[in-house]
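Residue numbers (this note's numbering), protein chains in the order written: chain F, 836 to 1358; chain H, 12 to 82. Following: one structure in structure tokens, then a few remarks.
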């Protein structure tokens, strides 16, 4: 355990970051997905010359604009928190985190803010094709901004392309391309953006359904539903494929998270996937209170092995294997990793003391040793384990991970049927008669947000105790400041973000009630 | 009219003819940016390492001390 760091400080710092990140993520996915949908709508207008598509484009563009404006800069708060609450972390990661965030800032500022002005101010002032180009560039720019944030996040899940320099106490990037194209980053980007497209498609269908229920703007609503359903169906299928690739990344690089989200306590060959389950209060293992039994579960044999390693009979390590080790399958025990981590910390401490006492030759020799590929691979890659006092703290909350994963997957499956039904009813011309479906469509909007948030809860809670996988536990990342200061800012953020959300909902609801306008502003 | 004047006029016209919702969101944006950069950043979120240490060498030493100070 680190001196001066208490559990309350770590927990409040985490709660503060979770609150701001989750609120930020309310705005982002709609911007990513609706931007692309609006660009497709405008493309249809330019291709067909049908003024109804222009009316459709302008209405959804207005909702896009409101969401974009309310959400803009909410992510900046996360960067404030890095500097104030997570100073050890932000120093330790150095340019690895700084470079993608800087690129994101430049892209967001120049690309989005330039072209979004043409999008909103340029109707009838620039040519149709130039306006369409600006709309596409705004949408692509928003998604490219997300890429850099997701690259930085992926690096925290699977650190690559860097070496630790003890002189600066920072990670130094050795390969930008390795960081950018790590499988974790690529799959995370594709999964996150495609799931945002799903959310936006549901948003469009849900609001259009409201118009049909009210018996107004029927042609507008039907066209919007058809487009939303086709776009959403393609996006959800792609989201499932990219989710599958992401799950394989987790199985390879974050096996504890993988075991936790499946509630797999003891590993096995041909491991089954728990499709549905309820976790009880009773412990499954008397030696470990983190491992709760299942009250009920539906398990499909061999699927988990295939999902993890594309082999029906592959061995999938369980939580116990990862804690106690499993020699047969080459799984290193947590205790062994802790020993290696402690060796790495001791070596760093020796370097620090040599430097402080002016023993330059010894400090140089220790630095060379620490930076050697062999030491980095065998010891430094377990650096974070050196802070772990109790091996059971290496287990994330199984219930959190299990439920967030299953909520996301079950809702993902539901969305497939939802899009197919929306398309079927609209094409058959029956959508206006299906009142129950139309009401369900409206209530599917919050479910899309729930699925999106659940995905991030799984990603972030599932990787605990790590802030950087295997290298830095959360407790080593926080700044030693007073718990009271963190509590104050937590509640400040809660008030600010809730106010922003209410403002967005009020402005958006008003525009939805006004509805799409014809050219010149008339209804 | 040169390109800078045209761009300026483009933005000016755009802002002058903002719809009602546009005015509302701009108001929200300005209030939000004020709260974020003037209130929160200055009073609640100073950069810990930049505020407390003079240069990168001191910052490195501080983080190194933190990372190796375990019991």
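Cβ coordinates follow ideal geometry from the N, Cα and C atoms, glycine included.
Reduced DSSP secondary structure (H/G/I, E/B, other) of residue i
| i | result |
| --- | --- |
| residue 1305 (chain F) | coil |
| residue 70 (chain H) | helix |
| residue 1051 (chain F) | coil |
| residue 1230 (chain F) | coil |
| residue 81 (chain H) | strand |
| residue 1005 (chain F) | strand |
| residue 28 (chain H) | coil |
| residue 35 (chain H) | helix |
| residue 1314 (chain F) | coil |
| residue 1322 (chain F) | helix |
| residue 848 (chain F) | helix |
| residue 1010 (chain F) | coil |
| residue 1265 (chain F) | coil |
| residue 1016 (chain F) | coil |
| residue 1084 (chain F) | helix |
| residue 1350 (chain F) | coil |
| residue 1225 (chain F) | coil |
| residue 884 (chain F) | coil |
| residue 1341 (chain F) | helix |
| residue 43 (chain H) | helix |
| residue 993 (chain F) | coil |
| residue 1300 (chain F) | coil |
| residue 841 (chain F) | coil |
| residue 988 (chain F) | helix |
Contacts that residue i makes with chain F (C-beta to C-beta distance below 7 Å)
| i | result |
| --- | --- |
| residue 74 (chain H) | 923, 926, 927 and 1004 |
| residue 43 (chain H) | 908 and 1335 |
| residue 70 (chain H) | 926 |
beta-carbon residue i near the ligand NAP non-hydrogen atom, thresh 6 Å
| i | result |
| --- | --- |
| residue 1211 (chain F) | Inclusion of the ligand NAP in the displayed structure is not the case, the ligand content being empty and no account of it being possible. |
Bounding residues of the alpha helix (DSSP H) (the contiguous stretch that carries residue i)
| i | result |
| --- | --- |
| residue 1235 (chain F) | 1233-1262 |
| residue 1287 (chain F) | 1270-1296 |
| residue 52 (chain H) | Careful: residue 52 (chain H) lies outside any alpha helix (DSSP H) and carries neither H nor E. |
| residue 59 (chain H) | 59-63 |
Where residue i meets chain F, residues with beta-carbon distance less than 8 Å
| i | result |
| --- | --- |
| residue 77 (chain H) | 837, 923, 1311 and 1315 |
| residue 16 (chain H) | None at all; the shortest Cβ gap to chain F is about 15 Å. |
| residue 52 (chain H) | 915 |
With 16 other Cβ atoms within 10 Å as the buried cut-off, status of residue i
| i | result |
| --- | --- |
| residue 1357 (chain F) | Caution applies to residue 1357 (chain F), whose pLDDT of 44 falls short of 50 and renders its modelled position unreliable; the value that the coordinates give is listed next. Exposed, because fewer than 16 other Cβ atoms sit within 10 Å of the Cβ of residue 1357 (chain F). |
| residue 865 (chain F) | buried |
| residue 843 (chain F) | exposed |
| residue 28 (chain H) | exposed |
| residue 893 (chain F) | buried |
| residue 1117 (chain F) | exposed |
| residue 954 (chain F) | buried |
| residue 1229 (chain F) | buried |
| residue 45 (chain H) | exposed |
| residue 1012 (chain F) | exposed |
| residue 1270 (chain F) | exposed |
| residue 1171 (chain F) | exposed |
| residue 1140 (chain F) | buried |
| residue 1363 (chain F) | A query on residue 1363 (chain F) cannot be resolved here, the shown segment of chain F reaching from 836 to 1358 and no further. |
| residue 1022 (chain F) | buried |
Chain-ordered chain H contacts of residue i [CB-CB under 9 Å]
| i | result |
| --- | --- |
| residue 900 (chain F) | 32, 33 and 36 |
| residue 913 (chain F) | Neighbours of residue 913 (chain F) on chain H: none; closest Cβ ~11 Å, over 9 Å. |
Under 9 Å from the C-beta of residue i: neighbouring residues of chain F
| i | result |
| --- | --- |
| residue 21 (chain H) | 952, 953, 956, 957, 960 and 961 |
Residue i - containing beta strand (DSSP E), residue span
| i | result |
| --- | --- |
| residue 998 (chain F) | 997-1000 |
Residues that residue i contacts on chain H, provided the C-beta gap is smaller than 8 Å
| i | result |
| --- | --- |
| residue 918 (chain F) | 56, 57, 58, 59, 60 and 61 |
| residue 1222 (chain F) | 81 |
| residue 904 (chain F) | 36, 37, 39 and 40 |
| residue 1184 (chain F) | 79 |
| residue 1116 (chain F) | Ordered by position in chain H, no residue passes the 8 Å Cβ test against residue 1116 (chain F), which lies about 34 Å from the chain. |
| residue 1180 (chain F) | 78, 79 and 81 |
Within chain H, partners of residue i - CB distance below 7 Å
| i | result |
| --- | --- |
| residue 1338 (chain F) | 39 |
| residue 882 (chain F) | The premise fails here: residue 882 (chain F) is roughly 26 Å from chain H at the closest Cβ pair, so nothing lies under 7 Å. |
| residue 1211 (chain F) | Correct list: empty, because the minimum Cβ distance to chain H is about 16 Å. |
| residue 1342 (chain F) | 32, 35 and 36 |
| residue 1130 (chain F) | Those within 7 Å of residue 1130 (chain F) in chain H number zero; the least Cβ separation is about 40 Å. |
| residue 1331 (chain F) | 46 |
| residue 897 (chain F) | 32 |
Which ranges would you report for the alpha helix (DSSP H) in the region 1089-1174 of chain F if only whole runs of at least 4 residues count?
-> 1090-1096, 1138-1144 and 1154-1159
Would you mind listing the alpha helix (DSSP H) stretches within the region 903-984 of chain F that are 4+ residues and don't spill past its ends, in chain order?
-> 911-920, 922-928, 930-942 and 948-956
Output the residue ranges of the alpha helix (DSSP H) runs that lie fully inside the region 1188-1223 of chain F and measure 4 residues or longer, sorted by chain position.
-> 1195-1206 and 1208-1213
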